[in-house]
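Let me begin by presenting the structure, written as structure tokens, before commenting on it.
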Amino acid sequence: MYRVDLIIQDGLAGHTSRIAQGIESLAAATTDCVGVRVAMAYASESGCSDLCRHLESSMPRWAKTRKQWLLSIDFGRTEPDAIALLGDLRNSEVRLANGRALLDRKLIPQCCFHPKTYVFESKDSTAFGLFVGSANLTLSGLHTGSEHATAHLWLPELTAEQNAELERIKERLGWWDGAWAAATRPDGALIREYTKLRSDVLLEDEAESVKPFVSRGHREIDVDPGLAWLNATCLWVETH
2 MYRVDLIIQD GLAGHTSRIA QGIESLAAAT TDCVGVRVAM AYASESGCSD LCRHLESSMP
62 RWAKTRKQWL LSIDFGRTEP DAIALLGDLR NSEVRLANGR ALLDRKLIPQ CCFHPKTYVF
122 ESKDSTAFGL FVGSANLTLS GLHTGSEHAT AHLWLPELTA EQNAELERIK ERLGWWDGAW
182 AAATRPDGAL IREYTKLRSD VLLEDEAESV KPFVSRGHRE IDVDPGLAWL NATCLWVETH
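If you read the sequence shown in our numbering, its first letter stands for residue 2, the second for the next number, and so on.
So this is what it looks like as structure tokens:
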């Protein structure tokens, strides 16, 4: 079986959290998932925390799942705390695309690293999920920004044509191996160097649609459904 879904998110139109829900649904549908690979342009600590909460709820073996995160630090937009959070997960490894070169170039890339791709793989690759879109790994990208994505799922039994297309997809994703091997492993010293170089640029999660939920402090309403309520266009109260 092959299934594809088009996901449209637009907070101003009331279509919130579609990206987060789409990733979570694809992860849950990729049966016996043992590996997750994510290539991401920009990531925030709050976005990573929210995504992991969604994946943990949809993947029974989340803690045991092999996780690889290939992140960009172009222009200093990925938060150091996001790198640390992902690296501290069980069975998780983070690498920074062109990391050492970017630090030497004061975070100005020679060539921007801008993918937003999630790959979910089952044992023996009998099931395969691919999520590709425009959304960064931030609260804005996952919940309120105007974002588009497609979610692709291959499950047994595949027709000969579907199997051939899946093999073509896997062949193109062979790009990952070279990019991962060439990327920089972050350690404490590198993260400190990166933190020092970052400029005070406004990030996605400074947007009004998500800012009240970025703080780490206690809040009465959690991210879900708080972001949907925050961006609602109407409110009604029903009493008896």
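Cβ coordinates follow ideal geometry from the N, Cα and C atoms, glycine included.
This structure is a prediction, so every number in the text was calculated from the model and none was measured.
Opposing strand residues paired with S123 [DSSP bridges]:
Answer is C34, bridged to S123.
Do D225 and L140 have their C-beta atoms closer together than 8 Å?
In this structure, L140 does not lie closer than 8 Å to D225 by Cβ.
Three-way DSSP call (helix, strand, coil) for G88 in this model:
Helix, per DSSP.
Candidates K171, D11, R54, R78, of which the one nearest K197 by Cα:
Check the Cα spacing between K197 and each of K171, D11, R54, R78: the tightest is with R78.
Would you check if the distance between the CB atom of S73 and the CB atom of M41 is smaller than 8 Å?
Closer than 8 Å, so yes.
Could you check the C-alpha separation between L108 and R199 for me, to the nearest Å?
Near 8 Å, if we compare the C-alpha coordinates of R199 and L108.
Mark H241 as exposed unless 16 or more other C-beta atoms lie within 10 angstroms of its C-beta, in which case mark it buried.
Exposed: under 16 other Cβ atoms inside 10 Å.
Those residues which DSSP pairs with S93 across a bridge
Looking at the DSSP output, S93 sits in a beta bridge with K68.
Give me whichever residues DSSP pairs with Q10 in a beta bridge.
DSSP, once it has assigned bridges, lists E148 as partnering Q10.
Using a threshold of 8 Å, state whether the C-beta atoms of S59 and E205 are closer than that.
Not a contact, by the Cβ cut-off of 8 Å.
Taking the alpha-carbon positions, what's the D11 to P81 distance?
For D11 and P81, the distance between alpha carbons rounds to 28 Å.
Residue interval of the alpha helix (DSSP H) (run including V202)
Unbroken run through V202: none, as it is neither H nor E.
Go ahead and pull the three-state DSSP assignment for Y3.
Here Y3 sits in strand by DSSP.
Run through the DSSP bridge pairs and tell me what F41 is partnered with.
For the record, residue 41 in the displayed sequence is Met; it is not Phe. Paired residues: L72, K117.
In whole angstroms, give me the CA-to-CA distance for A32 and D125.
Here residue 32 turns out to be Thr, not Ala, going by the sequence shown. Their backbone Cα atoms lie some 11 Å apart in a straight line.
Closest to S95 by C-alpha separation, out of G189, I20, L203, L174, would be which residue?
Reading off the sequence, residue 95 comes out as Val, not Ser. Taking only the C-alpha atoms, the option nearest V95 is G189.
Taking the straight line between their C-alpha atoms, what separation do you get for N137 and H149?
One alpha carbon belongs to N137, the other to H149, and they sit about 11 Å apart.
In its own chain, which residues sit with a C-beta less than 6 Å from the C-beta of G130, not counting the 5 before and 5 after it?
Setting aside the 5 residues that flank it on each side, G130 is surrounded in the same chain by L27, T31, F121, L154, each with a C-beta closer than 6 Å to its C-beta; the list follows chain order.
Helix, strand or coil: which one does DSSP assign to G134?
Three-state DSSP puts G134 in a strand.
Contacting residues, own chain, Cβ-Cβ under 7 Å from I9 (five flanking each side not counted):
Taken in chain order, the residues that qualify are H16, R19, H149.
Of the choices P61, D6, G227, L104, whose alpha-carbon is the least far from that of R193?
Checking every option, the nearest Cα to that of R193 belongs to L104.
Sequence-distant residues of the same chain with beta carbon closer than 6 Å to D6, five excluded per side
Excluding positions up to five away in sequence, the list reads A152.
Beta carbon of L247 nearer than 8 Å to that of C49:
With the chain represented from 2 up to 241, any question about residue 247 goes unanswered, as that position is not in the structure.
Assign W176 to one of three DSSP states: helix, strand, or coil.
For W176, the secondary structure class from DSSP, reduced to helix, strand or coil, is helix.
How far does the alpha helix (DSSP H) with E57 in it extend, from its first residue to its last?
Unbroken alpha helix (DSSP H) run through E57: 46 to 59.
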